[in-house]
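Q: Residue 1308, in our numbering, is where the sequence shown stops; the numbers in between run on with no holes.
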Amino acid sequence: LLGVTGLLVSGLFFGKGGMFVFVPGEIFGVYGPGEGAWRYALAHGMLVSKAVTILSLALMFSCFQVKPAAATILALSVLFVNAILTQIPFFEDLKPWFLTYHLNLWQGMLADPIPWWRIGASGSLLAAFNLSFLTVGAAAFHSRDIKT
1161 LLGVTGLLVS GLFFGKGGMF VFVPGEIFGV YGPGEGAWRY ALAHGMLVSK
1211 AVTILSLALM FSCFQVKPAA ATILALSVLF VNAILTQIPF FEDLKPWFLT
1261 YHLNLWQGML ADPIPWWRIG ASGSLLAAFN LSFLTVGAAA FHSRDIKT
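Printed below as a string of C-alpha cells:
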C-alpha cells in the first residue's frame, strides 16, 4: 500500500517519467518509465522477504516467557544493533555475516545489472533464518505450553 501510494503521489507531482536511484556507495541508476516501473515493482516484491524475516524474529521472541511488548522491543533491538554494527568500518569484512546485510536484498533490484547471485544467496540465507526462528519459537512455545 505504501509503495502504491508513493507511486500515485509522485505521479501527481512529477507526472510520468523515469526513476532515479542513489544509495551512497552502492547503487546509482537512472531508468526510463518502463524499466523504472518494472524495477520498482520487483523491489517492492522483495520487501516481502524483509517483512517476513522481521515477523518471524518477533514471533520467535514472543514464544519465550516474556511480555508481548518486551518481545517486540527485543526484536527491534536485535535489528537495530545489527544495523549499527554493519555501518562500523571495523566490521566491513564481516558484513555478510549480519542479518541486516541480507535484509536489504530488495536494493539489488535497483542496481544495474541486477546481482542475481547475491539476491539468490541472500534469499536462501533469509529462508534459513526464517526456518530457524520459527523452529526455535515453536520449540520454546511447545516447552512452556500447558499440557493436559
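In this text, a Cβ means the ideal position worked out from N, Cα and C, and glycines have one as well.
1. State yes or no: is the C-beta of Leu1265 within less than 9 Å of the C-beta of Ser1209?
2. By the three-class DSSP mapping on this structure, what secondary structure does Gly1166 have?
3. Would you call the CB atoms of Phe1221 and Asn1242 closer than 9 Å?
4. Consult DSSP for Ile1187 and reduce its assignment to one of helix, strand or coil.
5. According to DSSP, simplified to helix, strand and coil, what is Val1181?
6. Using beta-carbon positions only, say whether Leu1239 and Ile1214 come within less than 9 Å of one another.
7. CB-CB under 7 Å to Met1206, same chain, minus the five flanking residues each way: which ones, in chain order?
8. For Ala1235, count the other beta carbons within 10 Å of its own beta carbon; 16 or more makes it buried, fewer makes it exposed. Which is it?
9. Out of Ile1248, Phe1180, Val1212, Cys1223, which has the shortest C-alpha to C-alpha gap to Ala1197?
10. Span of the alpha helix (DSSP H) holding Gly1244?
A: Inspection of the coordinates gives the following:
1. On the sequence shown, residue 1265 is found 105 positions in, with the first residue counted as 1. On the sequence shown, residue 1209 is found 49 positions in, with the first residue counted as 1. Yes, they are a contact pair.
2. Stepping through the sequence shown from its first residue, residue 1166 is reached at position 6. Three-state DSSP puts Gly1166 in a helix.
3. For the purposes of this step, residue 1221 is taken as the residue at position 61 of the sequence shown. For the purposes of this step, residue 1242 is taken as the residue at position 82 of the sequence shown. Taking 9 Å as the Cβ cut-off, Phe1221 and Asn1242 do not qualify as a contacting pair.
4. To locate residue 1187, count along the sequence shown from 1; it is residue 27. Residue state, collapsed to three classes: strand.
5. Position 21 of the sequence shown, counted from the first residue, corresponds to residue 1181. Correct three-state label for Val1181: strand.
6. Reading the sequence shown from its first residue, position 79 is the one you call residue 1239. Reading the sequence shown from its first residue, position 54 is the one you call residue 1214. For Leu1239 and Ile1214, yes; Cβs fall inside 9 Å.
7. Locating residue 1206 in the sequence shown gives position 46, where the first residue counts as 1. Here the set comprises Leu1265, Trp1266, Met1269.
8. To locate residue 1235, count along the sequence shown from 1; it is residue 75. Ala1235 comes out buried.
9. Along the sequence shown, read from residue 1 onward, the residue named residue 1197 stands at position 37. If you compare the alpha carbons of Ile1248, Phe1180, Val1212, Cys1223 with that of Ala1197, the shortest gap goes to Phe1180.
10. Taking the first residue of the sequence shown as 1, we reach residue 1244 at position 84. The sequence shown places Ile at residue 1244, rather than the Gly named in the question. In the DSSP assignment, Ile1244 falls within the unbroken alpha helix (DSSP H) covering 1228–1247.
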